[in-house]
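Peer 1: Residue numbers (our numbering): 96 to 227.
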Amino acid sequence: AKWEPPENGYTKADGKLVLKTGKVIDDPLKSMTEEEKDAKEKETKCADCEKNEATRFCNECGDKYCTSCYAIAHASGKRAEHTFVRIGPIECEECEEKLAVKWCTACDDPFCDDCFDKIHSRGKRKLHCFCN
């Protein structure tokens, strides 16, 4: 069997990164200052809490939110009519609180472990398969 690099690439012992295409590059994080690293990390965080990964981008506000902060900020008033697009990590379709770790191939939806087990515990759904 022919060896192929992992889908997301990997890091060699010398610190160089090998992309999934096979191209070898220097690790861009090694040339960044601490301030640049902090700014890069904040790019993926929620604009309100700055703690959780952003999973929604509000089309009207132009800000990134985690699921719970979006719900709070857009609970009433004109913001309740705002729309969003999903970004970043995929959240569970059922609870919308945890990040999805399973994709049901029959439902064609993402689920966290708990919700997948609960929804697929009986009936015809018990026969559904998932991928990670």
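Where a beta carbon is used, it is the ideal one built from N, C-alpha and C, also for glycine.
Near Arg220, which residues of its chain fall below 7 Å by C-beta distance, leaving aside the five closest residues on each side in sequence?
Peer 2: Within the sequence shown, numbered from 1, the residue matching residue 220 stands at position 125. These residues qualify, in order along the chain: Ile214.
Peer 1: Can you give me the Cβ contacts of Ile120 inside the same chain, cut-off strictly under 6 Å, excluding the 5 residues immediately before and after it?
Peer 2: Here residue 120 is taken as the residue at index 25 of the sequence shown, counted from 1. The answer, listed in chain order, is Leu112.
Peer 1: Hey, how far is the Cα of Cys207 from the Cα of Glu129?
Peer 2: Locating residue 207 in the sequence shown gives position 112, where the first residue counts as 1. Locating residue 129 in the sequence shown gives position 34, where the first residue counts as 1. Cys207 and Glu129: Cα-Cα distance of roughly 33 Å.
Peer 1: State the beta-bridge partners of Glu148 as determined by DSSP.
Peer 2: Your numbering for residue 148 matches position 53 in the sequence shown. BP columns for Glu148 point to Lys140.
Peer 1: Relative to the alpha-carbon of Lys173, which residue among Cys156, Leu114 and Ala201 has its alpha-carbon at the smallest distance?
Peer 2: Here residue 173 refers to the residue found at position 78 when the sequence shown is read from its first residue. Checking every option, the nearest Cα to that of Lys173 belongs to Cys156.
Peer 1: Ignore the nearest five residues each way along the sequence and tell me which others in Thr162's own chain have a CB closer than 6 Å to its CB.
Peer 2: As a working mapping, residue 162 is identified with position 67 in the sequence shown. Only Thr150, Glu186 and Glu191 meet the Cβ criterion.
Peer 1: Please list, in chain order, all residues of the same chain as Thr178 whose beta carbon is under 8 Å from its beta carbon, the five residues on each side excluded.
Peer 2: Reading the sequence shown from its first residue, position 83 is the one you call residue 178. Cβ neighbours of Thr178 beyond the five flanking positions: Cys153, Asn154 and Glu155.
Peer 1: Quick one: Cα of Leu194 to Cα of Cys226, how far?
Peer 2: Walking along the sequence shown from the start, residue 194 turns up at place 99. Walking along the sequence shown from the start, residue 226 turns up at place 131. Distance between the alpha carbons of Leu194 and Cys226: 15 Å.
Peer 1: For Ile182, which residues from the same chain have a beta carbon less than 7 Å from its beta carbon, with the 5 sequence-adjacent residues on both sides left out?
Peer 2: The count along the sequence shown starts at 1 and reaches residue 182 at position 87. So the qualifying residues of the chain are Ala149, Thr150, Arg151, Phe152 and Lys159.
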